[in-house]
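The opening residue of the sequence shown carries number 1 in UniProt numbering; numbering runs sequentially from there. This report concerns only the one structure given below.
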Amino acid sequence: MAPTLPANARVSTNSFLQSKVNHLRDRSLGSSAVRATTAEIARILAVEATQNDTAVPQGKVGLIVVLRSGLAMSDAFLSQFAPDTDVAVYHIGMFREKSSLQPVEYYNKLPNNNTEIKRVYVVDPLIATGGTASAVIEILRDWHVEHITFVSMLTSQSGLETAAKVWPEGTDFVVGAIDPSLDAQGYIVPGIGDIGDRLFGTELST
């Protein structure tokens with residue numbers, strides 16, 4: 001049975017994208033292959049997130065890259081904007097504290113007193129517990145944006161539900177796939193592992 005989606009979320013039905021997500025489940029892939037596959041997925045999701053987007057206002061839009069894993073999606077996502085789109089790119093650094101699984105912000109260079117950017121897209125490959133996504137949404141709401149599209153390759157069912165409740169009237173989600181559960185460490189099951197380590201080749205041998 002297909003999972004029940006929050007009203008403000010949609011899952012890609014692109015079969016090529018689905019095959020690429022499944023490819024990422026192969027833990028033997030090297031970091032170069034993981035980065036290339038992530039970029040392919042990001043390009044498809046960018047098209048789906050931006051085409052026929054009635055929420056896009058006149059003027060500059062923002063691309064919010066959640067560090068560090070979102071870096072692997074950013075260039076591919078930017079390549080899909082129309083050439084005349086004025087896009088500002090900002091970075092928010094978040095990590096998940098291992099024992100509490102709560103998000104910790106370590107980097108935020110959003111300018112003060114935002115009056116220019118009302119429409120933003122957020123790229124982060126995974127939504128696991130939903131804590132990081134929820135924190136980023138709250139930061140952007142407080143920054144006075146009017147609409148957020150949160151774009152992820154893979155989410156857990158519970159994490160998507162958690163994040164979708166934070167600001168439903170101002171946020172929508174475009175995701176590649178949904179997995180059913182989380183393990184005790186807050187990783188998506190079956191998932192694709194620690195995507196940050198896999199992207200940047202920082203996995204420790206066991």
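Glycine residues also receive a C-beta, built at the ideal position from the N, C-alpha and C atoms.
- In the structure shown, the three-state DSSP call for isoleucine 41 is helix.
- A direct Cα-Cα distance of roughly 25 Å separates asparagine 8 from serine 79.
- Every unbroken stretch of the alpha helix (DSSP H) spanning 4 or more residues and falling wholly within the UniProt domain "Phosphoribosyltransferase" (56-202) is given here in chain order: 71-78, 131-142, 157-164 and 195-200.
- In the structure shown, the three-state DSSP call for alanine 7 is coil.
- If you check the CB distance, alanine 135 and methionine 94 come in under 8 Å.
- Closest by C-alpha distance to leucine 5, out of Gln157, Leu199 and Thr202, is Gln157.
- Nearest in C-alpha terms to glutamate 203, of all of Asn22, Arg27, His23 and Gln102, is Arg27.
- In this structure, DSSP gives threonine 50 a helical state, which the three-state scheme calls helix.
- In this structure, threonine 155 and valine 175 form a Cβ contact; the two beta carbons are roughly 5 Å apart against a cut-off of 8 Å.
- In the DSSP assignment, asparagine 22 falls within the alpha helix (DSSP H) that extends over 15-24.
- Distance check between phenylalanine 16 and each of Tyr121, Met153, Ser181 and Tyr187 places Met153 closest, using alpha-carbon atoms only.
- C-alpha of isoleucine 139 to C-alpha of isoleucine 44: approximately 26 Å in a straight line.
- When DSSP states are grouped into helix, strand and coil, arginine 35 belongs to the helix group.
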